[in-house]
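The block underneath contains the structure these notes are about, expressed in structure tokens.
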Amino acid sequence: MCENAKDLQLADLSYTSIYRRDHYPCRLAVAGQHATEVLKILEGTDVDKHVMVKYQPAKGKKYIFVFAGLGTNWHGMCQEMLKRFKVFRSVIEDISKYLERYANWNLMENLQNGFDLDDANIAPIMTFACEVALFVLVESFGINPDAIIGQSIGEVAAAFASGTVTLEQAVYIIYHRTRVQVQGTGGKMFVAKNIEIDKVEEILEKYESQANVSVYSSPMSCTISCDEDVVDKLKEDIKEVNTGCMFKDLNVTSAFHSHHMSNSADEMKSCAKIIGEEPKIDIFSTVSGVKAEEGDFITPQYWADN
Numbered sequence: 001m002c003e004n005a006k007d008l009q010l011a012d013l014s015y016t017s018i019y020r021r022d023h024y025p026c027r028l029a030v031a032g033q034h035a036t037e038v039l040k041i042l043e044g045t046d047v048d049k050h051v052m053v054k055y056q057p058a059k060g061k062k063y064i065f066v067f068a069g070l071g072t073n074w075h076g077m078c079q080e081m082l083k084r085f086k087v088f089r090s091v092i093e094d095i096s097k098y099l100e101r102y103a104n105w106n107l108m109e110n111l112q113n114g115f116d117l118d119d120a121n122i123a124p125i126m127t128f129a130c131e132v133a134l135f136v137l138v139e140s141f142g143i144n145p146d147a148i149i150g151q152s153i154g155e156v157a158a159a160f161a162s163g164t165v166t167l168e169q170a171v172y173i174i175y176h177r178t179r180v181q182v183q184g185t186g187g188k189m190f191v192a193k194n195i196e197i198d199k200v201e202e203i204l205e206k207y208e209s210q211a212n213v214s215v216y217s218s219p220m221s222c223t224i225s226c227d228e229d230v231v232d233k234l235k236e237d238i239k240e241v242n243t244g245c246m247f248k249d250l251n252v253t254s255a256f257h258s259h260h261m262s263n264s265a266d267e268m269k270s271c272a273k274i275i276g277e278e279p280k281i282d283i284f285s286t287v288s289g290v291k292a293e294e295g296d297f298i299t300p301q302y303w304a305d306n
């Protein structure tokens, strides 16, 4: 605004600030006939004479914590947090301790020194560890969720955050889930954007047993898992319905959340039963699409379905 005040229409700026941005408890307002005048008031020393500040305590607002799936790792993740926050570091140390029972690599060392973002044996566990440590850190600031939801591997962190499983149990789940997941039988995944999911599902009907919607992101965006040999034809069919549809191929070792995971799901069922607790915080399942019911997040069958 400061650099382009002369080119701004005050009405456009006002509209955007009211209808196209988030609103917070504190609000500052100035009155002026045009953007240049408003800018002068904001930059002036007597700004207090012209500024009105409104504070409206938040009423009835609730917080939902969302725990993401794969694709959220980056080089250097957690390194600054490990240095700055003892709470964050302590959680990572606890996860490292539990993980040593199963893995031949060290979580803390990989976070500090960097790791291969495409390593299917490590990356999911890194995401889980980061999410859990961030959750505990945010709670230490006095910010508590009213509801929790997770997607794919994020459901493991969500299960811990809701109080359904202990940290030790969550590490057990994420390790074995990761271990069996890499045994998938191939396939590809891609994101389809700017097309109604209902239309995508209609197209997929003729690809029965070859493709399916694996992630419902929004009414206009989803992820598709499919056999490698139908990717190009499937994209062509989708483009015929909506030429404005956009695709993004995902760098994955297998088509997750599809028939390519059948063997992995069967092996996950054989894992020891997790004795969990009733969630202390409302948690919604992305397996069922509804609020968690009895048996969710604590049985081998649930994690196989996940």
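All residue numbers for the sequence shown refer to full-length UniProt numbering, where the first residue is 1 and numbers rise by one.
Where a beta carbon is used, it is the ideal one built from N, C-alpha and C, also for glycine.
Helix, strand or coil at residue 261 [DSSP, three-state] | The answer is helix: DSSP assigns residue 261 an H, G or I state.
Straight-line Cα distance separating residue 296 from residue 285 | Approximately 8 Å between the Cα atoms of the pair.
Give, in chain order, every unbroken run of the beta strand (DSSP E) that is at least 3 residues long and sits entirely within the stretch 52-122.
-> Fully enclosed beta strand (DSSP E) runs of 3 or longer: 52-55, 64-67.
Supposed contact pair residue 107 and residue 117 - C-beta distance, whole angstroms, cut 8 Å | About 15 Å; that fails the 8 Å criterion.
Along the alpha helix (DSSP H) that carries residue 28, what are the first and last residues, could you check?
-> Not the alpha helix (DSSP H): residue 28 falls in the beta strand (DSSP E), residues 26-29.
Check whether residue 256 and residue 152 have beta carbons under 9 Å apart = Yes, the pair counts as a contact, with Cβ atoms nearer than the cut-off.
Among the residues of its own chain, which have a CB less than 7 Å from the CB of residue 273, if the five just before and after it don't count?
-> Taken in chain order, the residues that qualify are 299, 300.
What are the boundary residues of the alpha helix (DSSP H) that includes residue 292?
-> Segment: none, residue 292 is in no alpha helix (DSSP H) and carries neither H nor E.
Expressed to the nearest angstrom, what Euclidean distance is found between the alpha-carbon atoms of residue 135 and residue 161?
-> Within the model, the alpha-carbon separation for residue 135 versus residue 161 is close to 7 Å.
For the alpha helix (DSSP H) holding residue 284, just list the boundary residues, first then last.
-> Run containing residue 284: none in the alpha helix (DSSP H); it sits in the beta strand (DSSP E), 282-284.
Residue 205 versus residue 199: straight-line alpha-carbon distance, rounded = Rounded to the nearest whole angstrom, the C-alpha separation of residue 205 and residue 199 is 10 Å.
Let me know if residue 303 comes out buried or exposed under the rule of 16 or more other beta-carbons within 10 Å of its beta-carbon.
-> Label assigned to residue 303: buried.
So is residue 26 in contact with chain E if we call contact Cβ pairs under 9 Å?
-> The structure shown contains no chain E; it holds only a single protein chain.
Give me the Cβ distance between residue 133 and residue 92, rounded to the nearest whole Å; I'm assuming they're in contact under 8 Å.
-> Between the beta-carbon of residue 133 and that of residue 92 there is about 5 Å, and that keeps the pair under the 8 Å contact cut.
Specify, as a first and last residue, the run of the beta strand (DSSP E) that residue 162 falls within.
-> Note, residue 162: premise wrong, no beta strand (DSSP E); not H, not E.
Euclidean distance between Cα positions of residue 258 and residue 190 | Using only the alpha carbons, I get a separation of about 13 Å.
Just mark residue 227 as buried or exposed, buried being the case when its beta carbon has 16 or more other beta carbons within 10 Å.
-> Looking at its Cβ environment, which holds 16 or more other Cβ atoms inside 10 Å, residue 227 is buried.
In its own chain, which residues sit with a C-beta less than 6 Å from the C-beta of residue 63, not counting the 5 before and 5 after it?
-> For residue 63, where only same-chain residues beyond five positions count, the Cβ hits under 6 Å are 145, 146.
Under a Cβ-count criterion, where at least 16 other Cβ atoms within 10 Å of its own Cβ denotes burial, should residue 155 be classed as buried or exposed?
-> Counting Cβ neighbours within 10 Å, residue 155 comes out buried, since at least 16 surround it.
Among 247, 251, 271, 236, which one has its Cα closest to the Cα of residue 123?
-> Residue 123 has its Cα closest to that of 251, out of 247, 251, 271, 236.
8 Å contact criterion, which residue 143 and residue 175 should meet: CB distance rounded | That belief does not hold up - the Cβ atoms of residue 143 and residue 175 are roughly 29 Å apart, past 8 Å.
Since I believe residue 245 is in contact with residue 192 (beta carbons under 8 Å), could you give me their beta-carbon distance rounded to a whole number of angstroms?
-> Taking 8 Å as the upper bound for CB-CB distance, residue 192 and residue 245 are in contact here, some 6 Å apart.
Among 65, 71, 231, which one has its Cα closest to the Cα of residue 139?
-> Checking every option, the nearest Cα to that of residue 139 belongs to 65.
Reducing DSSP to helix, strand and coil, say where residue 249 ends up.
-> Looking at residue 249 - three-state DSSP - the assignment turns out to be strand.
Coil, strand or helix - residue 213 by DSSP = If DSSP states are grouped into helix, strand and coil, residue 213 belongs with the strands.
Which term fits residue 113, buried or exposed, when burial requires 16 or more other beta carbons within 10 angstroms of its beta carbon?
-> Here residue 113 is exposed: its Cβ has fewer than 16 other Cβ atoms, across all protein chains shown, within 10 Å.
Give the straight-line distance between the Cα atoms of residue 249 and residue 263, rounded to the nearest whole angstrom.
-> Note on geometry: alpha-carbon atoms of residue 249 and residue 263 lie some 24 Å from one another.
Can you tell me whether DSSP reads residue 255 as helix, strand or coil?
-> In the structure shown, residue 255 falls within a coil segment according to DSSP collapsed to helix, strand and coil.
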